[in-house]
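Asker: Residue numbers (the working numbering): 1 to 162.
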């Protein structure tokens with residue numbers, strides 16, 4: 001059985017490493033998703049769910065984000081059932097209420113896109129494609145269109161029930 005899912009894809013050749021995608025992600029997942037000033041200056045600073053890496057010479061950049069794998073290792077290895085694929089949207093999610101902070105998903109992710117419990121929150125988390133928004137914040141913020149939103153067909157795999 002196949003499903004159509006959304007994915008953020010990178011055109012790294014257009015990335016200039018400005019970090020606006022990362023900042024937009026932080027703000028979108030903060031207590032103040034409509035105010036960058038409040039998001040960054042009120043309470044604990046939000047942690048982005050994606051990052052930008054630079055090459056050793058600092059001349060090229062690469063977006064690190066969840067690729068919404070067809071057969072996600074994080075879902076297969078999760079001992080608590082926190083990592084699942086949403087049946088309606090097809091998005092791979094981590095339920096922070098179920099996460100036990102064991103690092104299994106962080107280690108299993110081939111892209112390095114899952115942020116581990118070491119951030120002080122004690123839970124793993126990752127890109128959720130900004131499901132509450134029409135368009136992911138990182139994609140909307142990219143001035144060079146290095147990040148694009150695509151809909152792709154994937155073969156559905158079974159997920160653990162928790």
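Where a beta carbon is used, it is the ideal one built from N, C-alpha and C, also for glycine. Quick caveat, the model's predicted, so the values are computed rather than measured.
Given that a residue counts as buried once 16 or more other Cβ atoms are within 10 Å of its Cβ, and exposed if not, what is residue 164?
Answerer: No statement about residue 164 is possible, as the shown extent of the chain runs from 1 to 162 and does not include it.
Asker: On the premise that residue 126 lies in contact with residue 203, defined as a C-beta separation below 8 Å, what is that separation, rounded to the nearest angstrom?
Answerer: Nothing about residue 203 can be read from this structure; the chain reaches only from 1 to 162.
Asker: To the nearest angstrom, how far is it from the Cα of residue 41 to the Cα of residue 57?
Answerer: Residue mapping note: residue 41 aligns to position 41 of the chain shown, counting from 1. Residue mapping note: residue 57 aligns to position 57 of the chain shown, counting from 1. Between residue 41 and residue 57, the C-alpha separation is close to 33 Å.
Asker: Is it buried or exposed, residue 135, if we count other Cβ atoms within 10 angstroms and call 16 or more buried?
Answerer: The residue given as residue 135 occupies position 135 in the chain shown. Per the 10 Å Cβ criterion, exposed.
Asker: Name the DSSP bridge partner or partners of residue 147?
Answerer: Within the chain shown, the letter at position 147 stands for residue 147. Answer is 10, bridged to residue 147.
Asker: Can you round the beta-carbon distance between residue 5 and residue 152 to whole angstroms, since I take them to be within the 8 Å contact cut?
Answerer: Looking up residue 5 in the chain shown gives position 5. Looking up residue 152 in the chain shown gives position 152. Contact flag correct, Cβ pair sits at about 6 Å.
Asker: Leaving out five residues before and five after residue 66 in sequence, what residues of the same chain have Cβ atoms less than 6 Å from its Cβ?
Answerer: By one-based count along the chain shown, residue 66 stands at place 66. Excluding positions up to five away in sequence, the list reads 113, 126, 127.
Asker: When you compare only the Cα positions, how much space is there between residue 55 and residue 111?
Answerer: Walking along the chain shown from the start, residue 55 turns up at place 55. Walking along the chain shown from the start, residue 111 turns up at place 111. Approximately 16 Å, taken between the alpha carbons.
Asker: Does the contact criterion of 3 or more C-beta pairs under 8 Å hold for the stretch 78-96 versus the stretch 9-27?
Answerer: Note that the stretch 78-96 does not touch the stretch 9-27; fewer than 3 beta-carbon pairs, one per stretch, sit closer than 8 Å.
Asker: Curious, which full-length alpha helix (DSSP H) runs of at least 4 residues does the stretch 2-81 contain?
Answerer: 20-28, 36-41, 73-77
Asker: Specify the secondary structure class of residue 91 as computed by DSSP and reduced to three states.
Answerer: To locate residue 91, count along the chain shown from 1; it is residue 91. Three-state DSSP puts residue 91 in coil, outside helix and strand.
Asker: In three-state DSSP terms, what is residue 115?
Answerer: Taking the chain shown and counting its residues from 1, the one referred to as residue 115 is at position 115. In the structure shown, residue 115 sits in a strand (DSSP, three-state: E or B).
Asker: To the nearest angstrom, how far is it from the Cα of residue 162 to the Cα of residue 77?
Answerer: Translated into the one-based positions of the chain shown, residue 162 becomes position 162. Translated into the one-based positions of the chain shown, residue 77 becomes position 77. The pLDDT assigned to residue 162 is 48, lower than 50, so where the model puts this residue is not dependable, and the model offers no usable value.
Asker: If you reduce the DSSP assignment to three classes, tell me which class residue 162 lands in.
Answerer: Your numbering for residue 162 matches position 162 in the chain shown. Because the pLDDT at residue 162 is just 48, under 50, the model does not fix this residue reliably, and the value given afterwards should be weighed accordingly. Residue 162: coil per DSSP, three-state reduction.
Asker: Taking just the CA atoms, how far does residue 43 sit from residue 9?
Answerer: For the purposes of this step, residue 9 is identified with residue 9 of the chain shown, where counting begins at 1. For the purposes of this step, residue 43 is identified with residue 43 of the chain shown, where counting begins at 1. Approximately 32 Å between the Cα atoms of the pair.
Asker: Just verifying my parser: in three-state terms, what is the DSSP assignment at residue 106?
Answerer: The residue you call residue 106 lines up with position 106 of the chain shown. Residue 106: helix per DSSP, three-state reduction.
Asker: Looking at the unbroken beta strand (DSSP E) that takes in residue 83, where does it start and where does it end?
Answerer: The residue labelled residue 83 in the question sits at position 83 within the chain shown. For residue 83, the enclosing beta strand (DSSP E) has its first and last residue at 83-85.
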